[in-house]
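Worksheet: the structure to be examined is printed underneath.
Numbering (the numbering used here), first residue to last: 1 to 345.
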């Protein structure tokens, strides 16, 4: 049993997954190890689930098929195709009011190109991916350890699991996944409706797997937006106007609540949360300007949280953090601009 159990949790957020992918790229560079070797358990919701699955997918030699930097390329290259609404689709405007905003086939095709033919039981380290079953009205959590123990009942295509956790209501159609040799099925949507920040799920899972071990938990956000919804505007909203804003309210509210609770449960040197404020960014805005802005905000984390990242990488490498790194982290936090302005590049 490992002395220090290292757990990684990645929030949901669509194309904003480029932010945690960039932070993970820095961690890989500083530790000299792939993410799947640095952590004992990796959890994710939505785009975080995609990252968790891609970073633990084995290649033909049993090594990680993708690095974190490779997955930055996924968002840059596949994002515009996944989230573009083509002209012919705009012409079906009335129909689209009653359907998903984006084409599920394009999303599934992109996921398949990166994740097939891997199965959940094949992941290089333990993985936990959160979804929500709309017919059972309950969260459905995919666990690679269950897939390994009972492949006939719990093993699924990694591409299918990734689509299920990314199928945000109003953005993509839900995923129907058959189980028990086709006799039953799951009707799944984005797990962000219950756990956009899956860090608490990850913590409970780690406690269950390693009840006597010390736990190090790393939680990566995908950016948060302080966008007010004025009462004078909202009071006149109906179902149509609330359809997509309500997703942001649910996702951000859950994420902040989980962060607050874990910060109380865990010591400072056992809980690392990396998050950044965004001026504006939709989870499906994959325009070149938006991609560049997200990459700059990720660089902001690397710059202003350098001390904490150094401390984390020391823990991931040796299991012990030098006191000097904690002092540096606190000093950087004190010097952080209140308005969250970007550093000079």
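Built from N, CA and C at the ideal position, the CB exists for glycine as well.
Per DSSP, what kind of secondary structure is residue i in: helix, strand or coil?
{"i": "residue 282", "result": "coil"}
{"i": "residue 190", "result": "strand"}
{"i": "residue 77", "result": "helix"}
{"i": "residue 338", "result": "Because the pLDDT of residue 338 is 39, which lies under 50, any placement of that residue in the model is unreliable, and the number read from its coordinates should be weighed accordingly. It is coil, neither helix nor strand."}
{"i": "residue 158", "result": "helix"}
{"i": "residue 9", "result": "strand"}
{"i": "residue 117", "result": "coil"}
{"i": "residue 219", "result": "strand"}
{"i": "residue 131", "result": "strand"}
{"i": "residue 3", "result": "coil"}
{"i": "residue 276", "result": "coil"}
{"i": "residue 171", "result": "coil"}
{"i": "residue 269", "result": "coil"}
{"i": "residue 69", "result": "helix"}
{"i": "residue 139", "result": "strand"}
{"i": "residue 185", "result": "strand"}
{"i": "residue 305", "result": "coil"}
{"i": "residue 176", "result": "strand"}
Within 10 angstroms of its Cβ, does residue i collect 16 or more other Cβ (buried), or is it exposed?
{"i": "residue 169", "result": "buried"}
{"i": "residue 192", "result": "buried"}
{"i": "residue 151", "result": "exposed"}
{"i": "residue 178", "result": "exposed"}
{"i": "residue 308", "result": "buried"}
{"i": "residue 283", "result": "buried"}
{"i": "residue 28", "result": "buried"}
{"i": "residue 305", "result": "buried"}
Excluding sequence positions up to five away, which residues of its chain have a Cβ less than 7 Å from the Cβ of residue i?
{"i": "residue 133", "result": "140, 186, 187, 188"}
{"i": "residue 59", "result": "65"}
Less than 6 Å between C-beta atoms, sequence neighbours within five positions excluded: which residues of the same chain meet that for residue i?
{"i": "residue 346", "result": "There is no way to answer for residue 346, as the model of the chain reaches only from 1 to 345."}
{"i": "residue 167", "result": "174, 175, 189, 190"}
{"i": "residue 219", "result": "9, 199, 273"}
{"i": "residue 30", "result": "313"}
Return the chain-ordered list of same chain residues with a C-beta closer than 8 Å to the C-beta of residue i, the five sequence neighbours on each side being excluded.
{"i": "residue 264", "result": "none"}
{"i": "residue 262", "result": "199, 200, 203, 217, 219, 271, 273"}
Unbroken beta strand (DSSP E) runs of length 3 or more, entirely within the region 15 to 67: which are they?
41 to 45
Does the region 76 to 85 touch the region 103 to 114, meaning 3 or more C-beta pairs lie closer than 8 Å?
yes
Does the region 264 to 281 come within contact of the region 213 to 226, defined as at least 3 CB pairs closer than 8 Å?
yes
Would you say the region 43 to 50 touches the region 119 to 131, given that touching needs at least three Cβ pairs under 8 Å?
yes
I'd like to know if the region 203 to 212 and the region 47 to 55 are in contact, where contact means that at least 3 CB-CB pairs between them fall below 8 Å.
no
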